[in-house]
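In the numbering used here, the protein residues as written are 32 to 416.
Notes follow the structure.
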């Protein structure tokens, strides 16, 4: 065994030397709204972890609401505990932060911060051993299917249909749009919009619906059964994400597969969903749930119960996981993030004929455009960098 070999030592012992955090946001001017909120800003909280040997790992989480607080938590409370650590110690570091910060966050920003750090450490792992992350995870697929996501409830019917047809023209065979128009008060109008989309794209395209937490279980079941005839592949978050009993009621009330999990944090939230029989397709998000370390555990729980794994958004981070994990279904491409993603990264993969191909590069295979990041860093603009 290597561990018992007194002559074994890593070729280069890396230690964490520096942590930088950037906030890059992009205002949404189109008045996008789903059933429960209007989207005003999107973007990334970017973590850069540099070793004493000059390698840099990149991690990201969301910068929509609370990015400033996430940045402060990382820089003030987490970064000092990382300096001098071995970046390969992902499990040990995760557990230490889990216990250190348990009193200030069991969900939310604390886990967004930890997710970004953990992703950066895994990026570093791949760079240290000079392997793409999917290979480090044991996978051999070099591409992963991806679906397009958009179709806001603030769109009129023609705008909705046009965007869905545009997705199909770009080569997507799975497309997702929002339901819950008029704040979720008019499921009949939702059914009419679903009918129009189905007629516009034809029978072969897979339709996914997202209600963004807007209904109680009874209303959600009625809404789902109104659109059942249009062959719906997935119905996402029809009920408030924390209403696990309501999600279970929904699952019992319709045969449309239930997708949820993007608002869960840690393996424990995933355990509760699965144990309650409240999910068919698990949609956890590595930028929230606890990074790559926790995504592997979430996927394993799902795999043990024969549940599909389909991460929410962040497709350039999740690409390696979906390519490596056997119960993975597909990636999600949020159209509203396409512009900011193309600016933040020099080489972010883009979908081709409904697939995303993994860069043959170490780690995540992503390179930041630091000119853009520095020029658009909200923290620098506020004079706090």
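Glycine included, C-beta positions come from ideal geometry on N, C-alpha and C.
Residue i, DSSP secondary structure in three states
| i | result |
| --- | --- |
| residue 234 | coil |
| residue 267 | strand |
| residue 278 | helix |
| residue 315 | coil |
| residue 209 | strand |
| residue 11 | The structure shown does not extend to residue 11, since the chain is modelled only from 32 through 416, so no value can be given for it. |
| residue 372 | helix |
| residue 296 | coil |
| residue 423 | Because the chain is modelled from 32 through 416, residue 423 falls outside the range shown and cannot be assessed. |
| residue 94 | coil |
| residue 396 | coil |
| residue 387 | strand |
| residue 285 | coil |
| residue 57 | strand |
| residue 408 | strand |
| residue 204 | coil |
| residue 418 | Here the chain covers residues 32 to 416 and nothing more, so residue 418 does not appear. |
| residue 309 | coil |
Where residue i falls, given that 16 or more other Cβ within 10 Å makes a residue buried
| i | result |
| --- | --- |
| residue 186 | buried |
| residue 317 | buried |
| residue 382 | buried |
| residue 421 | The question about residue 421 has no answer, for the chain in this structure spans 32 to 416. |
| residue 258 | buried |
| residue 212 | buried |
| residue 171 | exposed |
| residue 283 | exposed |
| residue 244 | buried |
| residue 208 | buried |
| residue 260 | exposed |
| residue 301 | buried |
| residue 130 | exposed |
| residue 154 | buried |
Residues near residue i in its chain [Cβ-Cβ closer than 6 Å; skip 5 each side]
| i | result |
| --- | --- |
| residue 449 | No answer is possible for residue 449: it lies beyond the span of the chain, which begins at 32 and ends at 416. |
| residue 322 | 146, 149 and 150 |
| residue 313 | 292, 333, 338 and 340 |
| residue 210 | 221, 240 and 242 |
Within 9 Å, strictly: CB atoms of residue i and residue j
| i | j | result |
| --- | --- | --- |
| residue 140 | residue 100 | yes |
| residue 73 | residue 57 | yes |
| residue 417 | residue 407 | With the chain running from 32 to 416 in the structure shown, residue 417 is simply not present. |
| residue 331 | residue 66 | no |
| residue 225 | residue 263 | yes |
| residue 275 | residue 249 | no |
| residue 123 | residue 389 | no |
| residue 247 | residue 277 | yes |
| residue 91 | residue 345 | yes |
| residue 152 | residue 118 | yes |
Contacting residues, own chain, Cβ-Cβ under 7 Å from residue i (five flanking each side not counted)
| i | result |
| --- | --- |
| residue 135 | 141 |
| residue 36 | Here the model assigns residue 36 a pLDDT of 45, short of 50, so the residue's position is not dependable, and the following value carries that caveat. Excluding sequence neighbours, residue 36 sits near nothing in its chain. |
| residue 102 | 52, 54, 76 and 410 |
| residue 237 | 204, 205 and 264 |
| residue 59 | 70, 71, 72, 73 and 367 |
Cβ-Cβ separation, residue j to residue i (assumed contact under 8 Å), whole Å
| i | j | result |
| --- | --- | --- |
| residue 86 | residue 158 | 5 Å |
| residue 240 | residue 267 | 7 Å |
| residue 354 | residue 173 | 7 Å |
| residue 49 | residue 115 | Between residue 115 and residue 49 the Cβ distance is about 11 Å, and since that is not below 8 Å, they are no contact. |
| residue 327 | residue 387 | That pair is no contact at about 20 Å. |
| residue 156 | residue 167 | 6 Å |
| residue 372 | residue 347 | 7 Å |
Same chain only: Cβ atoms within 8 Å of residue i, ignoring 5 sequence neighbours per side
| i | result |
| --- | --- |
| residue 192 | 227, 228 and 231 |
| residue 285 | 252, 255, 256, 259 and 266 |
| residue 64 | 70, 183, 184 and 185 |
| residue 384 | 202 |
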